[in-house]
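The opening residue of the sequence shown carries number 1 in the UniProt record's numbering; numbering runs sequentially from there.
One structure is given below, encoded as structure tokens.
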Amino acid sequence: MWAEFWSIYILDRDVSIDASFMAYKGRLSWIQYIASKRIGDEEQGYDLDLFCIPKHYAADLERVYIPHGLIMDRTERLARDIMRDMGGHHIVALCVLKGGYKFFADLLDYIKALNRNSDRSIPMTVDFIRLKSYCNDQSTGDIKVIGGDDLSTLTGKNVLIVEDIIDTGKTMKTLLELLKQYNPKMVKVASLLVKRTPRSVGYRPDFVGFEIPDKFVVGYALDYNEYFRDLNHICVISEKGKDKYKVSKSED
């Protein structure tokens, strides 16, 4: 029975389901999930014992929140949506480092696969920018551009910004204002995660992987003070993990 639903796409809902999701469906009903990319506040995730978790992190995590297989299927669908909306134009894909690098790499792999196997393909170049707005598990509100190439190369280009997570939205709004100075032809934003939080300034990206509750998540290149980037799955960090890797603002 489950085989009928593996690797299918729900075209009018922008969601895909893969075998790993079915295997670990746990408390998140697959019927509920395919109806929305929104993960409800009641969703607790999955027991760590169901997955391969590095031993050095096992005591620092509460739950696996989004399994790697589901991330990959959703990313594949986002690639198709991006090609549909931006196809036909040369795209400059701008990766927001460091947290966005894994999503960026996987998203571009899927876009390249579509380019190889479609009658309509687009040239794509890449660029990188590094921003910093977090200390421990809080957004500081102070947005620092601490890396990146000459953004004047984006003038007149169609730009796809690839980000790991939109929290309050302040960081992305600041970046978009910065890019306006260089007069790109078009700017779209793809974010793997968007957090529902009362601190939000109301910004919503053009392409969203998952909308999640106001939890601090790590893994799949999302970090807590540079730790946990090497996890395959997106997980909820424990209070013990926060204390273990906490830094003072003077160290930051």
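C-beta atoms are modelled at their ideal positions from N, C-alpha and C, and glycine is treated no differently.
Three or more C-beta pairs closer than 8 Å, one from the stretch 193-211 and one from the stretch 155-173: is that the case here?
Yes, they touch.
Contact set for V159: own chain, Cβ-Cβ below 6 Å, skip 5 residues either direction
For this step, residue 159 is matched to residue 159 along the sequence shown. For V159, where only same-chain residues beyond five positions count, the Cβ hits under 6 Å are V92, L94, P184, V187.
Where the beta strand (DSSP E) containing I165 begins and where it ends
Taking the sequence shown and counting its residues from 1, one reaches residue 165 at position 165. 158-166 is the span of the beta strand (DSSP E), which, as asked, contains I165.
Measuring CB to CB, does Y245 end up less than 7 Å from N232?
Start at 1 with the first residue of the sequence shown, and residue 245 comes out as number 245. Start at 1 with the first residue of the sequence shown, and residue 232 comes out as number 232. No. Outside cutoff.
How is the beta strand (DSSP E) around G209 delimited, first residue to last?
To locate residue 209, count along the sequence shown from 1; it is residue 209. Its beta strand (DSSP E) spans residues 207-212.
I think V236 touches R63, with their Cβ atoms under 8 Å apart; what is that distance to the nearest whole Å?
Working through the sequence shown from its first residue, we reach residue 236 at position 236. Working through the sequence shown from its first residue, we reach residue 63 at position 63. Sure, about 5 Å apart at Cβ, within 8 Å.
Would the stretch 50-65 count as touching the stretch 97-104 if we require 3 or more Cβ pairs under 8 Å?
Fewer than three pairs of CB atoms, one per stretch, sit closer than 8 Å, so the stretch 50-65 makes no contact with the stretch 97-104.
With three or more beta-carbon pairs closer than 8 Å as the criterion, would you say the stretch 110-126 touches the stretch 78-86?
yes
Can the beta-carbon of I234 be found less than 7 Å from the beta-carbon of V208?
For the purposes of this step, residue 234 is identified with residue 234 of the sequence shown, where counting begins at 1. For the purposes of this step, residue 208 is identified with residue 208 of the sequence shown, where counting begins at 1. Between I234 and V208, the CB-CB gap reaches or exceeds 7 Å.
Taking DSSP as the reference, what is the three-state secondary structure of I39?
For the purposes of this step, residue 39 is taken as the residue at position 39 of the sequence shown. Coil at I39, not helix or strand.
Collapsed DSSP secondary structure at K195 in the structure displayed:
Numbered from 1 along the sequence shown, position 195 holds the residue referred to as residue 195. Here K195 sits in strand by DSSP.
Using CA coordinates, which residue listed in R199, A59, Y46 is at the minimum distance from G241?
Taking the first residue of the sequence shown as position 1, residue 241 is located at position 241. When each option's Cα is compared against that of G241, the closest is A59.
Who pairs with F128 in a beta bridge, going by DSSP?
Locating residue 128 in the sequence shown gives position 128, counting from the first residue. Note: F128 sits in a beta bridge opposite C95.
Output needed for S36: all residues of its chain with C-beta closer than 6 Å, excluding positions within five of it in sequence on either side, in chain order.
The residue labelled residue 36 in the question sits at position 36 within the sequence shown. Unreliable placement is indicated for S36, whose pLDDT of 47 sits below 50; no coordinate value is reported for it.
With L107 and A190 assumed to form a contact (beta carbons below 8 Å), what rounded beta-carbon distance in angstroms separates them?
Within the sequence shown, residue 107 is the residue found at index 107, counting from 1. Within the sequence shown, residue 190 is the residue found at index 190, counting from 1. Going by Cβ atoms, the distance from L107 to A190 rounds to 7 Å, so yes, they are a contact pair.
Per DSSP, which residues does A190 bridge with? Please list them.
By one-based count along the sequence shown, residue 190 stands at place 190. DSSP output for A190 lists V162, F207 as bridge partner(s).
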